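Peer 1: The structure's right below; bear with me while I get my questions together.
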Amino acid sequence: MRSDILPITGALLAGGLGSRMGGKDKGLLLFQGRPLYQHVQQNLQLQVDSVVINANRNLDSYAQSGLPIISDSLPDHPGPLAGMLAVLAASPTPWVAFAPCDMPWLPFDWINKLWQQKGAAPAAWVKSHERDHPALTLLNTTLRPALQFSLAQGERRLSRFLSGAGGHAVTLEDEERCFANMNTPQDLERADG
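Position 2, counted from 1, in the sequence shown is what UniProt numbering calls 2; the numbers after and before it change by one each time, with no gaps.
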(Lines of atoms letter the chains of each structure in order from A; the text may use other names.)
(Lines give C-alpha, C1' and ligand atoms only; values in the text may rest on other atoms or scores of the structure.)
Protein backbone atom coordinates (compact mmCIF):
# COMPACT_ATOMS: atom_id res chain seq x y z
CA MET A 1 0.00 0.00 0.00
CA ARG A 2 1.29 3.46 -0.90
CA SER A 3 1.70 5.85 1.99
CA ASP A 4 -0.04 8.74 0.18
CA ILE A 5 -3.42 7.03 -0.19
CA LEU A 6 -6.05 5.93 2.29
CA PRO A 7 -6.53 2.32 3.48
CA ILE A 8 -9.94 2.25 1.85
CA THR A 9 -11.47 0.18 -0.93
CA GLY A 10 -12.92 2.24 -3.75
CA ALA A 11 -16.06 0.84 -5.35
CA LEU A 12 -17.31 1.93 -8.73
CA LEU A 13 -21.09 1.48 -8.98
CA ALA A 14 -21.95 0.29 -12.49
CA GLY A 15 -24.73 -2.17 -11.69
CA GLY A 16 -27.74 -0.12 -12.74
CA LEU A 17 -30.17 -0.79 -15.56
CA GLY A 18 -29.49 2.50 -17.36
CA SER A 19 -33.21 3.19 -17.75
CA ARG A 20 -32.67 6.92 -18.44
CA MET A 21 -30.01 5.96 -21.01
CA GLY A 22 -32.44 3.81 -22.95
CA GLY A 23 -31.23 0.65 -21.24
CA LYS A 24 -27.61 1.17 -22.24
CA ASP A 25 -24.87 0.35 -19.75
CA LYS A 26 -23.82 3.85 -18.70
CA GLY A 27 -20.36 2.91 -17.57
CA LEU A 28 -19.44 1.61 -21.02
CA LEU A 29 -20.64 4.65 -22.99
CA LEU A 30 -17.78 6.62 -24.49
CA PHE A 31 -16.88 9.98 -22.99
CA GLN A 32 -13.85 11.86 -24.34
CA GLY A 33 -12.78 8.71 -26.15
CA ARG A 34 -12.89 6.34 -23.17
CA PRO A 35 -15.64 4.38 -21.41
CA LEU A 36 -17.29 6.58 -18.81
CA TYR A 37 -16.40 4.25 -15.94
CA GLN A 38 -12.67 4.62 -16.65
CA HIS A 39 -12.79 8.30 -15.68
CA VAL A 40 -14.21 7.37 -12.28
CA GLN A 41 -11.82 4.42 -11.95
CA GLN A 42 -8.88 6.77 -12.41
CA ASN A 43 -10.27 9.15 -9.79
CA LEU A 44 -10.65 6.34 -7.26
CA GLN A 45 -7.24 4.83 -7.96
CA LEU A 46 -5.56 8.12 -7.12
CA GLN A 47 -7.12 8.13 -3.66
CA VAL A 48 -7.55 4.62 -2.28
CA ASP A 49 -5.67 1.38 -1.73
CA SER A 50 -7.69 -0.80 -4.12
CA VAL A 51 -10.67 -0.50 -6.47
CA VAL A 52 -13.49 -2.90 -7.36
CA ILE A 53 -16.37 -2.60 -9.80
CA ASN A 54 -19.98 -3.45 -8.96
CA ALA A 55 -21.55 -4.57 -12.25
CA ASN A 56 -24.39 -6.90 -13.20
CA ARG A 57 -24.05 -7.11 -16.98
CA ASN A 58 -21.31 -6.82 -19.60
CA LEU A 59 -18.98 -8.38 -17.06
CA ASP A 60 -16.38 -9.26 -19.70
CA SER A 61 -16.13 -5.62 -20.73
CA TYR A 62 -15.59 -4.46 -17.15
CA ALA A 63 -13.14 -7.32 -16.50
CA GLN A 64 -10.84 -5.80 -19.14
CA SER A 65 -10.03 -3.18 -16.50
CA GLY A 66 -8.16 -5.83 -14.52
CA LEU A 67 -10.19 -4.93 -11.44
CA PRO A 68 -12.28 -7.37 -9.39
CA ILE A 69 -15.93 -7.41 -10.49
CA ILE A 70 -18.58 -7.85 -7.80
CA SER A 71 -22.19 -8.47 -8.85
CA ASP A 72 -25.27 -7.88 -6.72
CA SER A 73 -26.13 -10.74 -4.40
CA LEU A 74 -29.83 -9.85 -4.65
CA PRO A 75 -31.99 -10.53 -7.72
CA ASP A 76 -33.69 -7.94 -9.95
CA HIS A 77 -31.15 -5.13 -9.48
CA PRO A 78 -32.86 -3.32 -6.58
CA GLY A 79 -30.62 -0.25 -6.88
CA PRO A 80 -27.34 1.08 -5.51
CA LEU A 81 -27.97 -0.24 -2.00
CA ALA A 82 -27.78 -3.80 -3.37
CA GLY A 83 -24.46 -3.04 -5.03
CA MET A 84 -23.17 -1.54 -1.81
CA LEU A 85 -24.24 -4.63 0.14
CA ALA A 86 -22.35 -6.93 -2.24
CA VAL A 87 -19.21 -4.80 -2.06
CA LEU A 88 -19.30 -4.47 1.74
CA ALA A 89 -19.46 -8.27 1.97
CA ALA A 90 -16.33 -8.63 -0.19
CA SER A 91 -14.29 -5.64 0.98
CA PRO A 92 -10.75 -6.32 2.20
CA THR A 93 -10.81 -3.06 4.16
CA PRO A 94 -13.15 -1.80 6.92
CA TRP A 95 -14.08 1.29 4.87
CA VAL A 96 -15.39 1.53 1.31
CA ALA A 97 -15.75 4.70 -0.78
CA PHE A 98 -18.52 4.38 -3.38
CA ALA A 99 -18.86 6.40 -6.58
CA PRO A 100 -21.30 6.05 -9.50
CA CYS A 101 -19.80 5.18 -12.88
CA ASP A 102 -21.24 8.31 -14.52
CA MET A 103 -19.47 11.15 -12.70
CA PRO A 104 -16.32 11.90 -14.73
CA TRP A 105 -15.33 15.20 -13.07
CA LEU A 106 -15.08 14.21 -9.41
CA PRO A 107 -12.58 16.19 -7.32
CA PHE A 108 -9.36 14.31 -6.62
CA ASP A 109 -9.67 14.74 -2.85
CA TRP A 110 -13.35 14.02 -2.15
CA ILE A 111 -12.64 10.75 -0.37
CA ASN A 112 -10.01 12.32 1.85
CA LYS A 113 -12.44 15.08 2.79
CA LEU A 114 -15.10 12.52 3.76
CA TRP A 115 -12.46 10.58 5.72
CA GLN A 116 -11.30 13.67 7.59
CA GLN A 117 -14.83 14.84 8.44
CA LYS A 118 -16.69 11.58 9.13
CA GLY A 119 -15.96 11.75 12.85
CA ALA A 120 -17.31 8.66 14.63
CA ALA A 121 -20.09 8.14 12.09
CA PRO A 122 -20.22 4.83 10.18
CA ALA A 123 -21.17 6.68 6.99
CA ALA A 124 -20.53 10.06 5.38
CA TRP A 125 -21.61 11.34 1.99
CA VAL A 126 -20.92 14.32 -0.23
CA LYS A 127 -23.07 17.43 -0.18
CA SER A 128 -22.43 20.14 -2.73
CA HIS A 129 -23.81 23.68 -2.65
CA GLU A 130 -26.96 22.59 -4.48
CA ARG A 131 -27.78 19.14 -3.09
CA ASP A 132 -26.76 15.90 -1.42
CA HIS A 133 -24.98 13.19 -3.42
CA PRO A 134 -25.58 10.06 -1.34
CA ALA A 135 -24.05 7.73 -3.95
CA LEU A 136 -20.71 9.44 -3.23
CA THR A 137 -20.37 7.87 0.16
CA LEU A 138 -17.92 6.37 2.60
CA LEU A 139 -19.30 3.34 4.46
CA ASN A 140 -17.95 1.17 7.23
CA THR A 141 -18.40 -2.55 6.67
CA THR A 142 -20.09 -2.82 10.09
CA LEU A 143 -23.20 -1.43 8.34
CA ARG A 144 -23.61 -4.59 6.30
CA PRO A 145 -26.19 -6.29 8.61
CA ALA A 146 -28.27 -3.11 8.85
CA LEU A 147 -28.13 -2.68 5.08
CA GLN A 148 -29.14 -6.29 4.51
CA PHE A 149 -32.08 -5.84 6.89
CA SER A 150 -33.17 -2.58 5.23
CA LEU A 151 -33.13 -4.16 1.78
CA ALA A 152 -35.12 -7.13 3.07
CA GLN A 153 -37.70 -4.63 4.37
CA GLY A 154 -37.99 -3.10 0.91
CA GLU A 155 -35.88 0.01 1.48
CA ARG A 156 -34.44 1.35 -1.77
CA ARG A 157 -33.71 4.99 -0.89
CA LEU A 158 -30.01 5.46 -0.32
CA SER A 159 -30.34 8.75 1.55
CA ARG A 160 -32.89 7.29 3.96
CA PHE A 161 -30.66 4.33 4.76
CA LEU A 162 -27.55 6.48 5.28
CA SER A 163 -29.35 8.91 7.60
CA GLY A 164 -30.98 6.09 9.55
CA ALA A 165 -27.61 4.38 9.96
CA GLY A 166 -26.17 7.42 11.73
CA GLY A 167 -24.36 8.92 8.77
CA HIS A 168 -24.07 12.58 7.88
CA ALA A 169 -23.34 14.79 4.89
CA VAL A 170 -20.01 16.54 4.38
CA THR A 171 -20.23 19.77 2.41
CA LEU A 172 -17.55 20.16 -0.25
CA GLU A 173 -16.69 23.54 -1.71
CA ASP A 174 -15.84 22.29 -5.21
CA GLU A 175 -17.63 23.62 -8.30
CA GLU A 176 -21.06 22.09 -8.86
CA ARG A 177 -19.90 20.72 -12.21
CA CYS A 178 -17.59 18.29 -10.38
CA PHE A 179 -20.65 16.36 -9.18
CA ALA A 180 -22.56 16.23 -12.47
CA ASN A 181 -24.00 12.86 -13.54
CA MET A 182 -24.38 11.64 -17.09
CA ASN A 183 -27.95 10.38 -16.67
CA THR A 184 -29.31 10.79 -20.19
CA PRO A 185 -27.94 10.69 -23.75
CA GLN A 186 -28.42 14.46 -23.83
CA ASP A 187 -26.22 14.91 -20.72
CA LEU A 188 -23.47 12.89 -22.36
CA GLU A 189 -23.77 14.70 -25.69
CA ARG A 190 -23.63 18.15 -24.06
CA ALA A 191 -20.65 17.22 -21.91
CA ASP A 192 -18.68 15.53 -24.69
CA GLY A 193 -19.51 18.10 -27.36
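Idealized CB from N, CA, C, for every residue including glycine. These figures come from a predicted structure and were not determined experimentally.
Near serine 159, what residues of its chain come up, given a Cβ to Cβ distance below 7 Å and the 5 sequence neighbours on each side ignored?
Peer 2: Asp132, Pro134
Peer 1: When DSSP builds the beta bridges, which residues end up paired with lysine 127?
Peer 2: Asp132, Thr171
Peer 1: If I measure Cβ to Cβ from threonine 93 and keep anything under 7 Å in the same chain, skipping five residues before and after, which residues do I get?
Peer 2: Pro7, Ile8, Thr9, Asp49
Peer 1: Determine whether the beta carbon atoms of glutamine 47 and aspartate 109 lie at a separation below 9 Å.
Peer 2: yes
Peer 1: Of the residues Ala90, Lys26, Trp95, Ala169, which one's Cα is nearest the Cα of cysteine 101?
Peer 2: Lys26
Peer 1: Can you tell me whether phenylalanine 98 is buried or exposed? The criterion is at least 16 other CB atoms within 10 Å of its CB, across all chains shown.
Peer 2: buried
Peer 1: Measuring straight from C-alpha to C-alpha, what distance separates valine 51 and alanine 63?
Peer 2: Spanning the two alpha carbons is a distance of roughly 12 Å.
Peer 1: Just mark glycine 164 as buried or exposed, buried being the case when its beta carbon has 16 or more other beta carbons within 10 Å.
Peer 2: exposed
Peer 1: Measure the alpha-carbon distance for leucine 143 versus proline 35 and round it to whole angstroms.
Peer 2: Their Cα atoms are separated by approximately 31 Å.
Peer 1: How far does the alpha helix (DSSP H) with tryptophan 115 in it extend, from its first residue to its last?
Peer 2: 110-117
Peer 1: Excluding the five sequence neighbours on either side, which residues of its own chain have a C-beta within less than 7 Å of the C-beta of lysine 113, listed in chain order?
Peer 2: Val170, Leu172
Peer 1: To the nearest whole angstrom, what separates the beta carbons of leucine 138 and tryptophan 115, a pair I think is in contact under 8 Å?
Peer 2: 7 Å
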